[in-house]
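Right under this line is the structure:
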């Protein structure tokens, strides 16, 4: 097993030696590479905050630049009062006191209702956050738009609490989206490699071709693992190219062996 792992990473020309391997070896090696990658990806994502300090600033800036509003928060009643208004950014909406159901969008929607804030992502409810859970003092959007520092500060505290409450949801969404994308790329890569190696060496039987292609494709997960560990996003492009290179080396080596025999 260790020889297979080493050759999948470092010596693709020797992968042809495993053409007689049983399916259980292929499955074991695949799950090993995939399992290590998934574990490291999960560790990285679940230990990284999905929102930066700049997120609160961006949301607040949308209100400051937006149209005038009479929305006000009262810290004695823990209620929001005023008229319906919306502030939008590239991938978010801040919706205050909606009068009817809000149409879902692909981005983040933060609904400021009378007694609580609800956060939605692509139509899915991420979290609700009641005003009585916070220690925010009274503020008004009108004063925020006049650049009153105290109101801006209180609004930022509220936004920070709301975003903090959604961390687990958005971390999970990022993890699932990233994993789904990588698995999709992996499947497409396998198909491309199978077709590519057929034209490279059509004499190899289908079962053997599939086994060797799977082994060659393991470098995809290894390079993706490195991209997560070292935060080098450009390695994702390498991960898409290297399996094709490995397959070329493996199947050309098989051709040379056949010719010598």
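In my numbering, the protein residues as written are 888 to 1148.
For every residue, glycine included, the Cβ atom is placed at its ideal position computed from N, Cα and C.
Please read these numbers as outputs of a predicted model, since none were measured by experiment.
Taking the straight line between their C-alpha atoms, what separation do you get for residue i and residue j?
i            : j            : result
residue 940  : residue 947  : 11 angstroms
residue 913  : residue 1097 : 10 angstroms
residue 1048 : residue 1021 : 8 angstroms
residue 892  : residue 1118 : 23 angstroms
residue 1083 : residue 981  : 49 angstroms
residue 1078 : residue 998  : 44 angstroms
residue 1008 : residue 1087 : 46 angstroms
residue 1012 : residue 977  : 20 angstroms
residue 900  : residue 1063 : 34 angstroms
residue 925  : residue 932  : 10 angstroms
residue 954  : residue 993  : 23 angstroms
residue 1123 : residue 962  : 49 angstroms
residue 922  : residue 889  : 16 angstroms
residue 973  : residue 959  : 14 angstroms
residue 1028 : residue 1014 : 23 angstroms
Could you pull the DSSP bridge partners for residue i from this structure?
i            : result
residue 1012 : 1007
residue 1136 : In DSSP, residue 1136 forms no bridge with anything.
residue 981  : 974, 997
residue 1017 : 1003
Answer with buried or exposed for residue i, where buried requires no fewer than 16 other C-beta atoms within 10 angstroms of its C-beta.
i            : result
residue 903  : buried
residue 983  : buried
residue 1150 : Residue 1150 is absent from the structure shown; the chain starts at 888 and stops at 1148.
residue 880  : Shown here, the chain extends from 888 to 1148; a query on residue 880 therefore has no answer.
residue 1107 : buried
residue 905  : buried
residue 1151 : Nothing about residue 1151 can be reported from this structure: the residues present for the chain run from 888 to 1148 only.
residue 1128 : exposed
residue 1053 : buried
residue 930  : exposed
residue 1036 : exposed
residue 967  : buried
Near residue i, what residues of its chain come up, given a Cβ to Cβ distance below 6 angstroms and the 5 sequence neighbours on each side ignored?
i            : result
residue 1041 : 1023, 1024, 1026
residue 1057 : 937
residue 896  : 1109
residue 965  : 1018, 1019
residue 1126 : 1107, 1110, 1111
residue 920  : 1105, 1108
residue 1046 : 943, 946
Would you say residue i lies against chain C (beta-carbon separation less than 9 angstroms)?
i           : result
residue 989 : This model lacks chain C altogether; it includes just one protein chain.
DSSP state of residue i, grouped into three classes?
i            : result
residue 897  : coil
residue 966  : strand
residue 997  : strand
residue 890  : helix
residue 973  : strand
residue 1123 : helix
residue 1144 : With a pLDDT of 44 at residue 1144, under the threshold of 50, the predicted position of this residue should be treated as unreliable, and no value is reported.
residue 1032 : helix
residue 1025 : coil
residue 961  : strand
residue 1047 : helix
residue 1088 : coil
residue 986  : coil
residue 1083 : helix
residue 907  : coil
residue 947  : helix
residue 992  : coil
residue 937  : coil
By Cβ distance below 7 angstroms, which residues in the same chain neighbour residue i in space, the five residues on each side in sequence not counted?
i            : result
residue 1043 : 943, 947
residue 1147 : Residue confidence for residue 1147 is low, a pLDDT of 44 falling below 50, so the modelled location carries little weight; the figure read from the coordinates is stated next. Result list for residue 1147: empty, nothing under 7 angstroms.
residue 864  : This structure leaves residue 864 out entirely; the chain is present only between 888 and 1148.
residue 989  : 982, 996, 998
I'd like the list of long-range same chain contacts for residue i, defined as Cβ closer than 8 angstroms, with 5 residues on each side in sequence excluded.
i            : result
residue 1080 : 1100, 1103, 1104, 1130, 1131, 1134
residue 1031 : 947, 950, 951, 1038, 1039, 1042
residue 986  : 971
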